[in-house]
Ligand SMILES: Nc1nc2c(ncn2[C@@H]2O[C@H](COP(=O)(O)OP(=O)(O)OP(=O)(O)O)[C@@H](O)[C@H]2O)c(=O)[nH]1
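In our numbering, the protein residues as written are 1 to 734.
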């Protein structure tokens, strides 16, 4: 082996700094630290100081607000033991593939083929988890109910068509009734033949979905059918996603027990039905207790009474409301609810595709009362809402028709009535109905008809106060005219109808149109000029004695501006949709406009309210008359001079009698003048003719010259263009 001599040069590899590993990381960190330190030196603390105290205050308040929002009470899931099956509501427009998806999921979990989907389907999806699939009915009622019991909402969207109104409506309803988990599923994607187009559509729909829910919301793609079913792999993925999903309790449901009925039995004795088909029925409803425990009521001993009350409630509110004050059933318990004396229509028209939802309410919520809500008309709803027009509201478990009064709070805290809901703004809505606690979401629709022409959600709201009637006022203007005037006092008629009314307005401020302010004193007495029309009769009622700051005229109009309280109609009408076939449209109270349209009635016109053209006659002013004595005292400069004398007779012009020679001369002059005029006229005419002919020639010439110029310009441009192209080509070749 040759030993290299010391004199021989060793060839070393040049050092390569480490790119990865712990030593490289260490170096990176030291570098970073150094860079930070150097940057700190250049940091100018003054550059980020506040310049304005208002801005600082605003920023600070915003920071505290943010902090407060973070410090909310966490919602705790108080359910104990095995939870009830989670409800997976499958929603989508007609023929989008809802039933098929449920069938595919059921097949995945149970290996069973389902022929049809009628009502909730419960399956076991894991050791700790059961699921209940419900197909959301396609009408507003069904959607309102489904939003109340859904733990997960699968929104099916036809990819080949895009989003449809129902999806947006359902999302809106979900948002109001506590937002459960939402997942989008795109179907009908096999209808795309072009891969690029499919990719673009998926991207577009995903982003639209995200803007509606939140960025990153889960959207599944079902790419097509294999043997009439969705692809196994895709269903498997979707099922896994559902199986591991975490659920958070929603505030309304955490405080209210409810049962989604998955089995319905009519247990009326057959002989009773045989005797009278329309007799009241006894029914049994089966379902899991959800939300919170059905508390053990103190009224348990009065159980018969409660049952009666429950039956009454059932009759009143049907499927939405049943008072559950029996022994405390835990959530997750499978309950058998027997309800007696239910109208036979409910049994006759029962449709398993529209599952019954039995909701429990707490003690304060059993009565009807006034409710105040902060309401906003949906920006997609085309019309404004009119005060006292009936709308259907979904509050808590209930659905009913009511007639709200809209109002807005003025700066001084007064609630002023609004005839119509404002644009892009919240307003207050006061209505009468079964009570729901503050913070409960409210969805309003105008009708539950299935016309898909427009967006059906009219407004959304949140309950602010309940069982408390806020005073709502509206402005009134009383107008009257004086009937007698004494110095600064006047008797005003037509403003009030009775002396009692005057007593209510004593001391009220009034004003004339010309701006003279005054005050209502008392009803006018007889001795003050309010004489009875007949002798011995009574003094006229409703004539008020008012005082003014100045004397008013008989032609003055006096008005009084005041506020009067508006009564909120005590009306509500529960929706009895469960008592009629599902294809019938529930008809509640109609709006005035609807009634007018139906009966072909014109809108009444108040003639006084119409605008008329204003006629202003030119005013005639009398000349100023200066008394003679004053005129005499005035200096000459300001004395009225050169005034036409009144009644001045025209002066007689003496007739001029001409001498014969003068007459001849005058005749001659007239003749010469006449000849001159005729000559001038002729000259002007010829000049005019010449000018017109000349102008014609000039216009012709100008037209020709313009044309020539245009041709020239065109030729020039063409040449320039050719030259340019030539140079480009030459450059390209070289
Ligand atoms: N090509 C194709 N057809 C589909 C797809 N999804 C569903 N379908 C078909 O669409 C039709 C309607 O499906 P359903 O599951 O009955 O739809 P649905 O939403 O339950 O319909 P309704 O209950 O009437 O509202 C069926 O014939 C399905 O085979 C899909 O992704 N691609």
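Glycine is no exception: its CB is placed at the ideal position from the N, C-alpha and C atoms.
In this text the structure is predicted, and so the values were computed from the model without any measurement.
Use the C-beta contact count for residue i: other C-beta atoms within 10 angstroms, 16 or more gives buried, fewer gives exposed.
| i | result |
| --- | --- |
| residue 283 | buried |
| residue 112 | exposed |
| residue 445 | buried |
| residue 604 | exposed |
| residue 305 | For residue 305, the predicted structure reports a pLDDT of 39, less than 50, and the residue's modelled location is therefore unreliable. A value from the coordinates is still provided. Exposed, since its Cβ has fewer than 16 Cβ neighbours within 10 Å. |
| residue 611 | exposed |
| residue 139 | buried |
| residue 167 | buried |
| residue 150 | buried |
| residue 154 | buried |
| residue 214 | exposed |
| residue 398 | buried |
| residue 670 | exposed |
| residue 656 | exposed |
| residue 360 | buried |
| residue 339 | buried |
| residue 486 | exposed |
Does any heavy atom of ligand 1 sit closer than 8 Å to the C-beta of residue i?
| i | result |
| --- | --- |
| residue 400 | no |
| residue 237 | no |
| residue 92 | yes |
| residue 117 | yes |
| residue 95 | yes |
| residue 142 | no |
| residue 218 | no |
| residue 583 | no |
| residue 205 | no |
| residue 230 | yes |
| residue 354 | no |
| residue 188 | yes |
| residue 250 | no |
| residue 748 | Because the chain spans 1 through 734 in this model, residue 748 falls outside it and cannot be assessed. |
| residue 138 | yes |
| residue 169 | no |
| residue 100 | yes |
| residue 135 | yes |
| residue 191 | yes |
| residue 184 | no |
For residue i, collect the residues of the same chain with a Cβ closer than 8 Å to its Cβ; drop the 5 residues on either side in sequence, then sort them by chain order.
| i | result |
| --- | --- |
| residue 580 | 345, 349, 586 |
| residue 714 | none |
| residue 631 | 639, 640 |
| residue 711 | none |
| residue 556 | 481, 482, 512, 513, 514, 516 |
From the DSSP secondary-structure annotation, give me the bridge partner or partners of residue i.
| i | result |
| --- | --- |
| residue 571 | The partner list for residue 571 (beta bridge, DSSP) is empty, contrary to what the question assumes. |
| residue 546 | 490, 520 |
| residue 266 | 283 |
| residue 735 | Here the chain comprises residues numbered 1 to 734, so residue 735 is not present and cannot be evaluated. |
Once the 5 residues before and after residue i are set aside, which same chain residues still bring their CB inside 6 Å of it?
| i | result |
| --- | --- |
| residue 394 | 144, 443 |
| residue 503 | none |
| residue 13 | none |
| residue 291 | 253, 256, 257, 258 |
| residue 384 | 420, 421 |
| residue 250 | 178 |
| residue 505 | 520 |
| residue 234 | 222 |
| residue 396 | 436, 440 |
| residue 577 | 141, 586 |
Whose C-beta lies closer than 7 Å to the C-beta of residue i among residues of the same chain, with five residues either side of it excluded?
| i | result |
| --- | --- |
| residue 571 | 402, 403, 432 |
| residue 245 | 152, 181 |
| residue 352 | 118, 119 |
| residue 316 | In this prediction, residue 316 has a pLDDT of 45, which is less than 50 and means its spatial position is unreliable; nothing more can be read from the coordinates. |
| residue 466 | 369, 371, 435, 436, 437, 438 |
| residue 85 | 122, 130, 131, 132, 288 |
Three or more C-beta pairs below 8 Å linking the segment 538-550 and the segment 374-384: no
The segment 561-569 in contact with the segment 468-478 per 3-pair CB rule at 8 Å: yes
The segment 130-140 contacting the segment 86-98, beta-carbon criterion three pairs below 8 Å: yes
Sufficient close CB pairs (3 or more, under 8 Å) joining the segment 193-211 to the segment 152-172: yes
Stretch-stretch touch, CB-based, cutoff 8 Å, three pairs: the segment 213-229 with the segment 186-203: yes
Touching by the beta-carbon criterion (3+ pairs, under 8 Å), the segment 552-563 and the segment 479-486: yes
Given 8 Å, three or more beta-carbon pairs between the segment 268-288 and the segment 227-242: no
Meets three-Cβ-pair contact criterion under 8 Å: the segment 494-503 and the segment 454-462: no
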